[in-house]
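Participant:
Residue numbers (my numbering): 85 to 189.
1) For the beta strand (DSSP E) that contains residue 99, what are its first and last residues?
2) Buried or exposed for residue 145, going by 16 or more other Cβ atoms inside 10 Å?
3) Which stretch, first to last residue, makes up the beta strand (DSSP E) that contains residue 185?
4) Identify whether residue 167 lies in helix, strand or coil by the three-state DSSP scheme.
5) Can you give me the C-alpha to C-alpha distance between residue 135 and residue 89, rounded to a whole angstrom?
6) Let me know the secondary structure DSSP gives residue 150 once reduced to three states.
7) Report the three-state DSSP secondary structure of residue 136 (helix, strand or coil).
8) Would you identify the three-state DSSP class for residue 159, choosing helix, strand or coil?
9) Touch check for the region 141-161 and the region 118-131: three-plus C-beta pairs under 8 Å?
10) Between residue 187 and residue 114, which are expected to be in contact by the criterion C-beta below 8 Å, what is the C-beta distance as a whole number of angstroms?
11) Using the DSSP secondary-structure output, state which residues sit across from residue 141 in a beta bridge.
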């Protein structure tokens with residue numbers, strides 16, 4: 085991952101040999117203000133489906149929230165992901181009792 089004043093770039097190649105295919109990066113950001121209700125990402129696609137994961141601190145626990153998005157090969161897209169559509173999950177399982185993702189959590 086590289087960073088400029090305007091954006092972050094996460095790039096590379098993933099091999100699915102030997103059951104591979106997972107890649108991630110963690111970046112802490114300042115707490116969001118209440119009027120923010122969505123994440124907007126700009127991606128250059130490869131035709132695969134990806135997940136954006138955001139982590140909230142709830143009662144002293146880190147709770148990951150995820151939302152999938154699809155890309156179009158060779159096409160740059162601006163994708164808007166509403167916080168209300170993120171799902172709390174842990175190790176692939178949905179946490180149905182978790183609150184809806186919101187800024188300030």
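Positions of the beta carbon are idealized from the N, C-alpha and C atoms, including for glycine.
Facilitator: So, from the listed chains and residues:
1) Neither: residue 99 is in no beta strand (DSSP E) and is coded neither H nor E.
2) exposed
3) Here residue 185 belongs to no beta strand (DSSP E), and DSSP marks it neither H nor E.
4) helix
5) 24 Å
6) strand
7) strand
8) coil
9) yes
10) Contact flag wrong, Cβ pair sits at about 11 Å.
11) 146
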